[in-house]
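Below you'll find the structure, written out as structure tokens, and then a few comments.
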Amino acid sequence: MTSTTTSVPTKAAMKSPVWQIGKVWEWLAEPAKSVTQPVQRRRARLLASLMIIFAPLGPVGYFGSLLAFPIRQPLQDPLFILTMGTSVVLFAAYWLSRTHRHMWGAALALMTISAATLAAGAIVPANMNTLLIYLLVPIMLGSMLLPARATIALIASNIVGILLMPTVVPAIHFAAVIIPLIYTVILSLVAVVSSGVRAQDVRQIEQQSQDLAEAVRQAEIANKLKDQFLANMSHELRTPLNAIIGFTEVMLMGLAGELNPQIERAAQRIHFNSERLLKLIDDVLDIAKIEAGRVEILRRPFKPAELLETAEMSLRPQATKKELKLVTMLDPNLPKQLFGDAKRLEQILENLVTNAMKFTEQGSVTISLQRQSVEEWAIVVNDTGIGIPPHAQETIFEKFRQIDGTSRRAYGGTGLGLAIVRELSLLMDGNVKVKSSLGSGSTFTVTLPLLVPEGTSNVWKTPN
Amino acid sequence: MENSKLDNWRVLVIDDEPDSIDVVTMVLSASGATVFTAANGQEGLEIFKQHQPTLILTDLSMPEMDGWELIREIRQSKNGHTTPVIALTAHAMSGDKERVLAGGFDGYLSKPLKMFTLLDDLKSCLGSKTPRLL
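From first to last, the protein sequence lines stand for chains Z and A. Position 454 of the first sequence, counted from 1, bears residue number 530 in the working numbering, the numbering being contiguous throughout. Position 17 of the second sequence, counted from 1, bears residue number 22 in the working numbering, the numbering being contiguous throughout.
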């Protein structure tokens, strides 16, 4: 798990010099790649930033004070050596902060600051009280940069250091260290408690983000399982159907011997019904795939004329059987070639026409492919059937919905055909609408964006 | 359908479902083809080597050796790179066909197969490879 968050600055902000400094600083404080835990990365980055500020601070301050109180030979001044030495160690801590040993860097830096402060107190006993207050700095930083135990160890060593001062430096009286000691103890308590609270917060946030990641992973697994289940289901349902449809067809072909009329009729019914079952399985799986977001709409060149022809060929037998006229019309304004998913468009057409024929007892069903505007074309299926009452014109596109329960028994069908049409239309960035009045037929219009392959003509004469 | 239509066809049908084999065999033999059958890829490969069929129809998911491994084996064996192999599969999810063709098969028919049009479907799968069989 990586935790690098990339903020996206606005274009104006990117140009501003402030942002550039931020960028450079970020680069200077970037933790090592091997440090992956968010808490560790935060600590390493904080340490690097602090060291960039602290390491040059001593020498700058020392030379600044030289301007005020010139000393002839700084090289012989123990304070100068102490300041420079501390600075070198802090630069080393900076270097460590950029590696996976950043924790050692923090310990080294804070121990050094503490030791240097105590040493400065020893060198200038007169200022000791003021100097020892600086011990609070490493303690505060320790609570941010170090694990709790290391912070406590640092505090303990500082207290021991303060207590040893009067023994090591005879000029210092024990009473002089009482005040810094009290400060140190009080602030240490505050630091330890606050870091404990913060650690708990961090743990909680981390636990939450882990839970979240786990939930996402589980959802991904569930989705994969669902896909697998769909694929298996499709396979397992088709295998027995292959035998049922296959053997029935073999019988009807006469390959299993002569059939007497009754058996032939029975075989035909088996055949008809197994085809129906197959269609249902296909529809259910299609809806499931659409809902799982697993249907891809292709964008390939296809010829509208061919689409119309294919659909007509597959639908003609149904029309003949019901003695309906099947009329096809192709708008001359439609480009010869379009971009789209011909198979899915065929499915839309088939579902619309099958639906139209189901509710049409006599007359005709007309399929037309029309240009609607410069940017749109449409599949229009019109019938002379019973029509759809206004209250049902929206709900017919819902799954498993037909006008009412009785119509399902009267007209058959799965109630999925129009739902699939609507879902596919939406996936193709189009929509489906119905116009109908009871007794005078219905018109379904699927409007789709008109996409033309490059290099094909897209001339459109405005209709008069 | 005339019985003499497939007289020269020597078809190997491979499927772990006996019913799937039977139904295809009935249609093919009725048309005059010689049919060999196998219940998995391993058996199929042996029969292929022994009898050199002119056309192979194979299921994809089978125990022992599946259709994918079978096609690799066949393409590597003697005469195997020219023998047409058609996948018959109940996997009808989108993308399956493309995967099959990319896997080295010459064609793809999805189950349930249409027995009425099986021969025509096979021929349209084979395309230009059909005449060699006749």
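We treat Cβ as the ideally placed atom computed from N, Cα and C, and that holds for glycine.
Counting C-beta neighbours from all protein chains within 10 Å, is the total for residue i 16 or more, i.e. buried, or is it exposed?
{"i": "S129 (chain A)", "result": "exposed"}
{"i": "A142 (chain Z)", "result": "Checking the displayed sequence, the identity of residue 142 (chain Z) turns out to be Leu instead of Ala. Classification for L142 (chain Z): exposed."}
{"i": "G132 (chain A)", "result": "exposed"}
{"i": "L133 (chain Z)", "result": "exposed"}
{"i": "L265 (chain Z)", "result": "exposed"}
{"i": "L60 (chain A)", "result": "buried"}
{"i": "E426 (chain Z)", "result": "buried"}
{"i": "R293 (chain Z)", "result": "exposed"}
{"i": "P246 (chain Z)", "result": "exposed"}
{"i": "F130 (chain Z)", "result": "buried"}
{"i": "W180 (chain Z)", "result": "exposed"}
{"i": "V603 (chain Z)", "result": "Given a span of 77 to 540 for chain Z in the structure shown, any question on residue 603 (chain Z) remains unanswerable."}
{"i": "R341 (chain Z)", "result": "exposed"}
{"i": "P214 (chain Z)", "result": "buried"}
{"i": "D287 (chain Z)", "result": "exposed"}
{"i": "P466 (chain Z)", "result": "exposed"}
{"i": "V236 (chain Z)", "result": "exposed"}
{"i": "P58 (chain A)", "result": "buried"}
{"i": "T243 (chain Z)", "result": "exposed"}
{"i": "T87 (chain A)", "result": "exposed"}
{"i": "S513 (chain Z)", "result": "exposed"}
{"i": "G218 (chain Z)", "result": "buried"}
From the DSSP output, in three-state form, read off residue i for me.
{"i": "A454 (chain Z)", "result": "strand"}
{"i": "N507 (chain Z)", "result": "strand"}
{"i": "F378 (chain Z)", "result": "strand"}
{"i": "G295 (chain Z)", "result": "Note that residue 295 (chain Z) is Ala in the sequence shown here, rather than Gly. Three-state result, A295 (chain Z): helix."}
{"i": "A107 (chain A)", "result": "helix"}
{"i": "L126 (chain Z)", "result": "helix"}
{"i": "T122 (chain A)", "result": "coil"}
{"i": "I281 (chain Z)", "result": "helix"}
{"i": "V164 (chain Z)", "result": "helix"}
{"i": "V253 (chain Z)", "result": "helix"}
{"i": "F305 (chain Z)", "result": "helix"}
{"i": "T269 (chain Z)", "result": "First, the amino acid is wrong: residue 269 (chain Z) is Val here, not Thr. Helix."}
{"i": "E69 (chain A)", "result": "coil"}
{"i": "A108 (chain Z)", "result": "coil"}
{"i": "H56 (chain A)", "result": "helix"}
{"i": "P117 (chain A)", "result": "coil"}
{"i": "E86 (chain A)", "result": "For clarity, residue 86 (chain A) is His in the given sequence; the question names Glu instead. Coil at H86 (chain A), not helix or strand."}
{"i": "N318 (chain Z)", "result": "helix"}
{"i": "L131 (chain A)", "result": "helix"}
{"i": "L142 (chain Z)", "result": "helix"}
{"i": "A247 (chain Z)", "result": "coil"}
For residue i, collect the residues of the same chain with a Cβ closer than 7 Å to its Cβ; drop the 5 residues on either side in sequence, then sort them by chain order.
{"i": "D21 (chain A)", "result": "A44, N45, D64, M67, P68"}
{"i": "T175 (chain Z)", "result": "A108"}
{"i": "P380 (chain Z)", "result": "L406, L410, L414, L445"}
{"i": "M327 (chain Z)", "result": "L335, A343"}
Which same chain residues end up closer than 8 Å to residue i when comparing Cβ atoms and leaving out the 5 residues on each side of it in sequence?
{"i": "A368 (chain Z)", "result": "N299, K302, D303, L306"}
{"i": "N540 (chain Z)", "result": "Here the model assigns N540 (chain Z) a pLDDT of 43, short of 50, so the residue's position is not dependable, and the following value carries that caveat. Same-chain partners within the cutoff: there are none."}
{"i": "I363 (chain Z)", "result": "K475, L492, A495, I496, E499"}
{"i": "E382 (chain Z)", "result": "A418"}
{"i": "L155 (chain Z)", "result": "Y138, A196, I199, V200"}
{"i": "A275 (chain Z)", "result": "A224"}
{"i": "D610 (chain Z)", "result": "A question about residue 610 (chain Z) goes unanswered here, because the residues of chain Z that appear run from 77 up to 540."}
{"i": "K116 (chain A)", "result": "S25, L93, T94, A95, A97"}
Name, in chain order, the residues that DSSP records as bridge partners for residue i.
{"i": "R15 (chain A)", "result": "A:T39"}
{"i": "V522 (chain Z)", "result": "Z:I455, Z:V508"}
{"i": "L62 (chain A)", "result": "A:V18, A:I91"}
{"i": "G112 (chain A)", "result": "A:I91"}
Spatial neighbours of residue i within its chain, please: CB distance less than 6 Å, with the 5 preceding and 5 following residues excluded, ordered by chain position.
{"i": "A501 (chain Z)", "result": "At residue 501 (chain Z) the sequence reads Ser, which differs from the Ala that was named. Cβ within range, chain order: N507, V508, V522."}
{"i": "Q55 (chain A)", "result": "none"}
{"i": "A182 (chain Z)", "result": "L123, L221, L222"}
{"i": "V212 (chain Z)", "result": "Rather than Val, the amino acid found at residue 212 (chain Z) in this sequence is Leu. Taken in chain order, the residues that qualify are L263."}
{"i": "L527 (chain Z)", "result": "F415"}
{"i": "K102 (chain A)", "result": "Y113"}
{"i": "V165 (chain Z)", "result": "T188"}
{"i": "K511 (chain Z)", "result": "T519"}
Is the Cβ of residue i closer than 8 Å to any Cβ of chain C?
{"i": "T396 (chain Z)", "result": "Looking for chain C here will not work: the only protein chains present are Z and A."}
Quick one: complete alpha helix (DSSP H) runs, 4+ long, within the region 394 to 479 of chain Z?
Restricted to the region 394 to 479 of chain Z, the alpha helix (DSSP H) segments that are unbroken, complete and at least 4 residues in length are 418 to 434, listed in chain order.
Where are the alpha helix (DSSP H) runs, 4 residues long or more, that stay fully inside the region 174 to 234 of chain Z, in chain order?
Runs of the alpha helix (DSSP H) inside the region 174 to 234 of chain Z: 178 to 199, 204 to 209, 212 to 221.
Ignoring anything shorter than 3 residues or poking outside the region 328 to 386 of chain Z, list the beta strand (DSSP E) runs there in chain order.
Fully enclosed beta strand (DSSP E) runs of 3 or longer: 376 to 378.
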